[in-house]
Amino acid sequence: MSDIRIATAEDQILLEKEAKYCSYGDTVHYIEPPRIFSRCEGSYVWDTSDQAYLDLQMWYSAVNFGYANPRLNNALKQQIDTLPQIASQYLHKGKIELSEMIAVDAKKKFGLDGRVHFNVGGSQSIEDSLKVVRNATNGKSLMFAFEGGYHGRTLGASSITSSYRYRRRYGHFGERANFIPFPYHFRGPKGMTKEEYGSHCVQQFARLFETEYNGVWDPKVGQSEYAAFYVEPIQGTGGYVIPPMNFYSELKHVLDQHGILMVVDEIQMGFYRTGKLWSIEHFDVKPDVIVFGKALTNGLNPLGGIWAREELINPKVFPPGSTHSTFASNPLGTAVGLEMFKMTSEVDYGAMVMNKGKYFLEGLKDLQKRYPIIGDVDGLGLALRCEICGPDGFTPDKATLDFMVEEGMKGDIEIDGKRLGLILDVGGYYKNVITLAPSLEISYPEIDLGIALLDRLLHRAMKR
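3 is the number of the first residue of the sequence shown in my numbering; add one for each residue after it.
As structure tokens, then:
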């Protein structure tokens, strides 16, 4: 284990209180002792001793537009002075206008009419989507989802999240999803191109519908036992795995043939993380439901929600009271969401993100050439991955990545005479992938700095 210092005497007292009074149920101490932070701005956070850390994970892609973004913060402050609170069953301008923005955008991109339903966060919005799907399919409760997929940790969301450890202590999940292999090309069969492997995975899924004895399809009445397939277009916690571009269009063809809905989870990849508002836009398919959260409010007042096709969510089929949250469509959240849409519409935000992502990926590829422990790098926009492996460049090496994370949190990496820390996020099937989600507002010099800091950590890892 790395020697992580406690920043201040006050931190020591606070950590002792945390150990006594705080539930650990919603806390993961990725390093010991954990850091206590005091302020943030742009791409940086500072601990209580005023040590700066470059953050390349931005609160799991919740703060896409930089910490303390002045424009978005001001939208929140202005709303506080006008209509800071109103019960969610009552109307206010922000709810209506934000719903319109999302629905009109979907109509333009997918050619589909739809409506928007808000809730307070990603997992809660997944729960709402499950209600919409069950309601639209006459109560069918079985879903498909992907190996490596993550959709949240509420009970319903846990049933479609592939990790058993999130379900293990909460009884039997009789409606647990049927988890289907994701086209993770780096760890797939050798001898196939990425596109060939994508088609192969779709063909394996399509086999389930060949006869009644494959277990999911009744050919006599043309009905599937399953209601929907939940997908993250780019796997988040699973390690920012980016599938082949042909994959989702081929998968959607199979789903449409068998009356199965496609629910797209954009909670981590939405709002320009990949250079488009929704990451599914890269793959030429029309989703039935989109679930969103996180960066809609840049990590400020929580707001998430769903967009669903008109046939699935109109008031006749999904009437008032179908689901509810006290804080859904709260005016503070909708005010920030509206301002985010206005801000990103004023420049070609997609092109900006794609250009920065290409530049960052080139830096990662350069590191890969120099460090054999980097098995794979990939990216789409500013959703980037760097897979840490053993000397063979393939065997997963979680221990080395854990070492790098801890070294980054020491705050002692010297660049041009200045000491800095580096905040990294760990993901992947084997917890050996750096999942990079920098601020979309990151500057090119900050990208260079991030690559330089990663270089130092990789050098330390190779020397240990």
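Just so it is clear, CB atoms sit at the ideal spot from N, CA and C, and this is done for glycine as well.
Worksheet item: Of all the alpha helix (DSSP H) runs that stay within the bounds of the region 50–103, which reach a length of 4 or more residues?
Response: 60–63 and 72–82
Practice prompt. Can you tell me the Cβ-Cβ gap for Y232 and V265, rounded? I've got them flagged as a contact below 8 angstroms.
Written response: 5 angstroms
Worksheet item: Any contact of the region 163–172 with the region 346–358, i.e. 3+ C-beta pairs under 8 angstroms?
Response: no
Item to complete: Under 8 angstroms Cβ to Cβ from L382, same chain only, skipping five residues before and after it: list those, please.
Response: I236, I244, T276, G277, S281, H284 and G359
Fill in: Inter-stretch contact (C-beta, 8 angstroms, three-pair minimum) for the region 146–163 and the region 122–137
yes
Worksheet item: If you run the structure through DSSP and keep just helix, strand and coil, what is S327?
Response: coil
Worksheet item: Helix or strand or just coil, what does DSSP make of D404?
Response: helix
Worksheet item: Whose CA, out of T195, F188 and I262, lies closest to the CA of K142?
Response: I262
Discussion item. Could you pull the DSSP bridge partners for I415 from this structure?
Written reply: L422
Worksheet item: Going along the chain, which residues of its own chain have a beta-carbon closer than 8 angstroms to the beta-carbon of D399, five neighbours each way excluded?
Response: I375, I390, C391, G392 and N434
Discussion item. Rounded to the nearest angstrom, what separates A9 and L422 at their Cα positions?
Written reply: 14 angstroms
Worksheet item: Is it buried or exposed for N76, if we count other Cβ within 10 angstroms and need 16 for buried?
Response: exposed
Worksheet item: Can you list, in chain order, the residues of its chain whose CB lies under 8 angstroms from that of L210, leaving out five sequence neighbours each side?
Response: N216, G217, V218 and W219
Worksheet item: Unbroken beta strand (DSSP E) runs of length 3 or more, entirely within the region 312–394: which are they?
Response: 376–382 and 385–390
Worksheet item: Helix, strand or coil: which one does DSSP assign to V106?
Response: helix
Discussion item. Comparing C-alpha positions only, which one of E149, S201 and F396 sits nearest to F184?
Written reply: E149
Worksheet entry | Selected residue, minimal CA-CA separation from Q270, among E252, E364 and N300 | N300
Discussion item. Could you check whether S331 and K111 sit closer than 8 angstroms to each other, using their CB atoms as the reference points?
Written reply: no
Item to complete: Report yes if the C-beta distance between A70 and L144 is below 8 angstroms; otherwise report no.
Response: no
Worksheet item: Who are the Cβ neighbours of L302 in its own chain at under 8 angstroms, not counting the five residues just before and after it?
Response: L74, N75, L78, L334, G335 and V338
Discussion item. Please state whether the Cβ-Cβ distance between G377 and F249 is less than 8 angstroms.
Written reply: no
Fill in: Local Cβ density within 10 Å of M3, reported as buried at 16 or more and exposed below that
Note that M3 has pLDDT 44, beneath the 50 cutoff, so the model's placement of it is unreliable and the number below is only indicative. It is exposed - the Cβ of M3 has fewer than 16 other Cβ atoms within 10 Å.
Practice prompt. Note the first and the last residue of the continuous beta strand (DSSP E) segment covering C203.
Written response: Per DSSP, C203 belongs to no beta strand (DSSP E); it is in the alpha helix (DSSP H), K196 to A208.
Practice prompt. For V134, name the three-state secondary structure that DSSP assigns.
Written response: helix
Discussion item. Is it buried or exposed, K420, if we count other Cβ atoms within 10 angstroms and call 16 or more buried?
Written reply: exposed
Worksheet item: D258: which of A385, P246, A310 and S226 sits nearest, CA to CA?
Response: S226
Practice prompt. My understanding is that L298 touches M342, with C-beta atoms under 8 angstroms, so please give their C-beta distance in whole angstroms.
Written response: 7 angstroms
Worksheet item: Touching or not, the region 79–91 and the region 306–320, by the rule of three or more beta carbon pairs under 8 angstroms?
Response: no
Worksheet entry | Inter-residue spacing [alpha-carbon to alpha-carbon] between G467 and E313 | Since the first residue of the chain shown is 3 and the last is 466, residue 467 is not available in this structure.
Item to complete: Return helix, strand or coil for M3, following the three-state DSSP convention.
Response: Note that M3 scores 44 on pLDDT, short of 50, meaning its location in the model is unreliable; the coordinates nonetheless yield the value given after this. Coil at M3, not helix or strand.
Discussion item. By the three-class DSSP mapping on this structure, what secondary structure does P289 have?
Written reply: coil
Worksheet item: Going by C-alpha distance, which of R458, L442 and K367 is nearest M411?
Response: R458
Worksheet item: Would you report the Cα separation of R462 and S101, rounded to the nearest angstrom?
Response: 49 angstroms
Practice prompt. Report the residue from I425, E177, N121 and K371 whose alpha carbon sits nearest the alpha carbon of A54.
Written response: I425
Item to complete: Would you kindly check if the distance between the Cβ of T29 and the Cβ of S40 is under 8 angstroms?
Response: no
Fill in: Span of the beta strand (DSSP E) around I453
Element bounds for I453: not the beta strand (DSSP E) but the alpha helix (DSSP H), Y446 to K465.
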